[in-house]
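Single-structure report; data block below.
In this note's numbering, the protein residues as written are 1125 to 1420.
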C-alpha cells in the first residue's frame, strides 16, 4: 500500500522562494511508494499545529524549511511512531546537514524513499523541545536581532553578528550538569545535540544525536581579532582544540544567570528568566536520514 506523506512548507524560511516546491515534490517523489498532500504554513507555530492535527492521518510528515521549521513540525510528532522527513530550505540547515540529508531539494525528496529511518534524541529547555541546538549568550542575542530583520539568509545573519559583536558583553553562568556544579564566564553557551549550528559550522565536533547526551559548549571570552579564527575553527571541526572553547557533556543541565534575556531553540529566539533547565529525551524522534549519515 502507498504511504500517505504530508509536506508542510514554510514559505519564508531561509529567504528562499518556495512556489516551485510542490512541482518538485510531485515530479521527484516516488509515486509508487507515496501519496503526497502539500500545505503551506502561514505564521509562527502554524506548522506545528498542522503537524499535530495530521497525526494518525499520515504515515510520514515532512518539514520543508530550516531548523526552525523542523523544530515546529518535530515538536508535534516527537514521542510518536510517525517519522519526520526533511527537505532543507533554511539559512543553515544544521540538523539536515548532520543527518546526511542532501541540500539539493530534488535529492532530498528522493531520500524520503531511499534513505533509512532512525531514532534520535531530542531535548527540552524549560519544557520546550529542541532537536539540533539551543543556546544563550551571543548567538541567542543574534537570533533575537535576526528575527527582526526584513531579509533572511546566511549573509544577513553574518552581517548582524559583525555589527553586534564589538558591543556584546560576556556573562557569568552557574551551571549544574548531572548534579555537578560549574561556574563559568562565557561569551555564549551552546547546548548541542548535533555537532553544528548550520552551514557546516561545527561547534561540537564529536556530538551525536544518538548518545543520550548533550554537548555543553562553553565559548569563553576571546579577543575580538580572533573572531574569524573562531569561525574557521568551526568550519574545520577544530573548535574543541582552542583554549577558548570548553566542552562538557550531560543529560540534565540547570543554568542560572544574573538577568533574564534571550535564548534560542534551533535558532528561534525567545526570552526566558534567570533560571533555565535542560534535559535530554533519548530515542524520542523518528527521522529519515540520508545515506551519508554515520552514527557517531
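Note that CB positions come from ideal geometry on N, CA and C, so glycine has one too.
Which whole-angstrom value describes the C-beta separation of residue i and residue j, a residue pair presumed to lie in contact below a C-beta threshold of 8 Å?
i, j, result
"residue 1185", "residue 1219", "With 8 Å as the limit, residue 1185 and residue 1219 do not qualify as a contact, their Cβ atoms being about 15 Å apart."
"residue 1390", "residue 1256", "5 Å"
"residue 1236", "residue 1411", "In fact, because the Cβ distance is near 11 Å, the residues do not count as touching under 8 Å."
"residue 1214", "residue 1137", "5 Å"
"residue 1181", "residue 1157", "With a Cβ gap of about 18 Å, residue 1181 and residue 1157 do not count as contacting."
"residue 1371", "residue 1325", "No, residue 1371 and residue 1325 are not in contact; Cβ-Cβ is about 15 Å, not under 8 Å."
"residue 1246", "residue 1408", "5 Å"
List the DSSP bridge partners of residue i.
i, result
"residue 1374", "1338"
"residue 1400", "1379"
"residue 1314", "1259, 1341"
"residue 1362", "Its beta-bridge partners do not exist; DSSP assigns none."
"residue 1297", "1308, 1381"
"residue 1129", "1160, 1184"
"residue 1395", "1386"
Helix, strand or coil: how does DSSP classify residue i here?
i, result
"residue 1153", "coil"
"residue 1147", "helix"
"residue 1333", "coil"
"residue 1414", "coil"
"residue 1285", "helix"
"residue 1168", "coil"
"residue 1136", "coil"
"residue 1327", "coil"
"residue 1319", "coil"
Does the ligand SAH have even one heavy atom less than 8 Å from the beta-carbon of residue i?
i, result
"residue 1269", "For the ligand SAH, the structure offers nothing, since it holds no ligand at all."
Exercise for the section: Say whether the region 1148-1155 touches the region 1223-1235, bearing in mind that this needs 3 or more beta-carbon pairs closer than 8 Å, one atom from each stretch. Expected result: Short answer: they touch.
Handout entry: In chain order, each alpha helix (DSSP H) run of at least 4 residues that lies wholly inside the region 1173-1260
Key = With a minimum length of 4 residues, the continuous alpha helix (DSSP H) runs that stay inside the region 1173-1260 are 1191-1201, 1218-1222, 1229-1238.
Exercise for the section: Pair every Cβ in the region 1330-1349 with every Cβ in the region 1240-1248, then say whether three or more of these pairs are closer than 8 Å. Expected result: yes
Handout entry: Any 3 or more C-beta pairs closer than 8 Å across the region 1186-1194 and the region 1289-1299
Key = no
Exercise for the section: Assess, as a yes-or-no matter, whether the region 1354-1363 is touched by the region 1375-1388 under the definition of 3 or more beta carbon pairs within less than 8 Å. Expected result: no
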